[in-house]
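See below for the structure under consideration.
2 protein chains.
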Amino acid sequence: MKKKREGKTTSKIFDDHDHGMCFDDAIEQIENYFLKKNLQFTPLRRKVFEILIRDHKPLGAYEILEALGRDGFSSSPPIAYRVLDFLMEHGFVHKIQGLNAFIACSNPNHSHSPAFVICRKCEKVAEVDEKKSGISFNSPNIDNFEVEKTTVEMTGVCTTCSRAATI
Amino acid sequence: MKKKREGKTTSKIFDDHDHGMCFDDAIEQIENYFLKKNLQFTPLRRKVFEILIRDHKPLGAYEILEALGRDGFSSSPPIAYRVLDFLMEHGFVHKIQGLNAFIACSNPNHSHSPAFVICRKCEKVAEVDEKKSGISFNSPNIDNFEVEKTTVEMTGVCTTCSRAATI
DNA sequence: CTGATAGTGTTATGTTATAACATGTTATGA
DNA sequence: TCATAACATGTTATAACATAACACTATCAG
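Protein sequence lines correspond, in order, to chains S and Z. Numbered by this note's numbering, the letters in the first sequence go through residues -14 to 152 in order. Numbered by this note's numbering, the letters in the second sequence go through residues -14 to 152 in order.
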């Protein structure tokens, strides 16, 4: 049952996202990817991904562990960290460094260098596409340094929060 | 006694920096800044800054604490974190999120949004200037979201390390 | 002198992450 | 088919990073 996205007037970047769509599609995409790559989409991995994609907000490793515990899985720390590492390797989960938290990827299709917009009040996070957002993060002119991974995070206050109160 | 920089052939970005100069200047700059702003450059604050600027490499809070202890200061965690927060507020220290570590700022003059290039092998870090490095990190087209702070880190392997060994 | 502020110190604890090793399960190939 | 390798999960313990809460001192404005 896919939700249709409702017209909204709030901060576009945080809402420009059909989450019902996203959930179903995301599960399908990850299944296909794992099949194709001959990797195991085990119950544990599926569960961790579902936990992340269902909230679609950043969760700390220990929050994920609690959720795992509630669902009958082991909840000792290495369980979460191992699965998260695995899902990150394959681009289905990103770590938000500024929050020590993990979030399901919004764009598992592209192999991208994601950028995140983080509201420091509500801690909502939007993963923005380089092109759509107007960010351009050009390959830097750094002699002989091969960039393997980029971390780009922008922190501020989202429209909803800034409307709700003066800082 | 200011060291003159020797001709080198290693990764430019990590070496394009006169550290002898940097140390002396940095101390002077921070002193002036604090004077001007009527802030106290206390022995503890000075020591923390000196520890960071003298190595000019990222140090974890607990490494800084050890150094403080060796120099006769208290080495309980809040000491380091408080001073680091203070120095970060004023732009003399940055946190490298990818390493949970702190580094003295290379450019305390400009109020900038720094970007860091990190070698994942030797953990050397270079703070790069947007313009010099060719990075362009344009203000993103995000409706009504005011970016207060950016984190930009690029991880890879520096020339020295990649020459030293195949991955 | 009094009360406010800032700086430092201390104890205790909270939070995040990993090391090291054990167990089960599946695939491979001699 | 049996050894073995590779992978996935589980467990215990601990490491590494960070903050809360409160105490003490010094300085300074009123």
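Even glycine gets a Cβ: it sits at the ideal position worked out from N, Cα and C.
Checking 8 Å against the spacing of the C-beta atoms, do residue i and residue j come in under that value?
i: Lys214 of chain S; j: Lys106 of chain S; result: Look at the range of chain S in this structure, -14 to 152, and you will see that residue 214 of chain S is not part of it.
i: Ile15 of chain Z; j: Phe101 of chain Z; result: no
i: Ile64 of chain Z; j: Leu50 of chain Z; result: yes
i: Ala89 of chain Z; j: Phe34 of chain Z; result: yes
i: Tyr66 of chain Z; j: Ala52 of chain Z; result: no
i: Asp70 of chain S; j: Asn92 of chain S; result: no
When the Cα atoms are used, what is the spatial distance from residue i to residue j?
i: Phe87 of chain Z; j: Val137 of chain Z; result: 14 Å
i: Lys80 of chain Z; j: Cys7 of chain S; result: 34 Å
i: Val132 of chain Z; j: Met139 of chain S; result: 6 Å
i: Ser98 of chain Z; j: Val68 of chain S; result: 33 Å
i: Ile36 of chain Z; j: Asp10 of chain Z; result: 15 Å
i: Leu20 of chain Z; j: Leu29 of chain Z; result: 16 Å
i: Ile(-2) of chain S; j: Asn17 of chain S; result: 28 Å
i: Phe26 of chain S; j: Glu74 of chain Z; result: 45 Å
i: Thr145 of chain Z; j: Ile103 of chain Z; result: 13 Å
i: Ser60 of chain S; j: Gly54 of chain Z; result: 38 Å
i: Cys143 of chain Z; j: Asn85 of chain S; result: 26 Å
i: Leu38 of chain S; j: Ala149 of chain Z; result: Note that residue 38 of chain S corresponds to Ile in the displayed sequence, not to Leu. Distance between the alpha carbons of Ile38 of chain S and Ala149 of chain Z is about 41 Å.
i: Glu48 of chain Z; j: Asn94 of chain S; result: 41 Å
i: Lys22 of chain S; j: Phe130 of chain Z; result: 39 Å
i: Asp40 of chain Z; j: Pro62 of chain Z; result: 20 Å
i: Lys134 of chain Z; j: Lys134 of chain S; result: 20 Å
i: Leu24 of chain S; j: Arg31 of chain S; result: 12 Å
i: Ser147 of chain Z; j: Ser147 of chain S; result: 47 Å
In three-state terms, what does DSSP make of residue i?
i: Phe130 of chain Z; result: coil
i: Phe26 of chain Z; result: coil
i: Cys194 of chain Z; result: Any question about residue 194 of chain Z goes unanswered here, given that chain Z covers just -14 to 152.
i: Phe101 of chain S; result: strand
i: Gly83 of chain Z; result: helix
i: Gly141 of chain Z; result: strand
i: Glu74 of chain S; result: helix
i: Glu108 of chain S; result: coil
i: Met(-14) of chain Z; result: Caution applies to Met(-14) of chain Z, whose pLDDT of 39 falls short of 50 and renders its modelled position unreliable; the value that the coordinates give is listed next. In this structure, Met(-14) of chain Z counts as coil in the three-state DSSP scheme.
Quick one: is residue i buried, meaning 16 or more other Cβ sit within 10 Å of its Cβ, or exposed?
i: Glu13 of chain S; result: exposed
i: Leu83 of chain Z; result: It is worth fixing the name first, because residue 83 of chain Z is Gly in this sequence and not Leu. Counting Cβ neighbours within 10 Å, Gly83 of chain Z comes out buried, since at least 16 surround it.
i: Gly57 of chain S; result: exposed
i: Gly141 of chain S; result: buried
i: Leu72 of chain S; result: buried
Closer than 7 Å: is that where the CB of residue i sits relative to any heavy atom of the ligand SAM?
i: Asn23 of chain S; result: This structure does not include the ligand SAM; it has no bound ligands of any sort.
Select from the segment 126 to 146 of chain Z all residues with a C-beta closer than 9 Å to any C-beta belonging to chain S, and list them in chain order. Asn126, Ile127, Asp128, Asn129, Phe130, Glu131, Val132, Glu133, Lys134, Thr135, Thr136, Val137, Glu138, Met139, Thr140, Gly141, Val142, Cys143 and Thr144
Cβ-based contacts, 7 Å cut-off: residues of the segment 88 to 103 of chain Z near chain S: Val102
At a Cβ cut of 7 Å, what residues of the segment 62 to 91 of chain S count as close to chain Z, listed as they run along the chain? Gln82 and Gly83
Under 7 Å (Cβ pairs) to chain Z, residues found in the segment 6 to 17 of chain S: none
Relative to chain S, which residues along the segment 35 to 49 of chain Z have a C-beta separation below 7 Å, given in chain order? none
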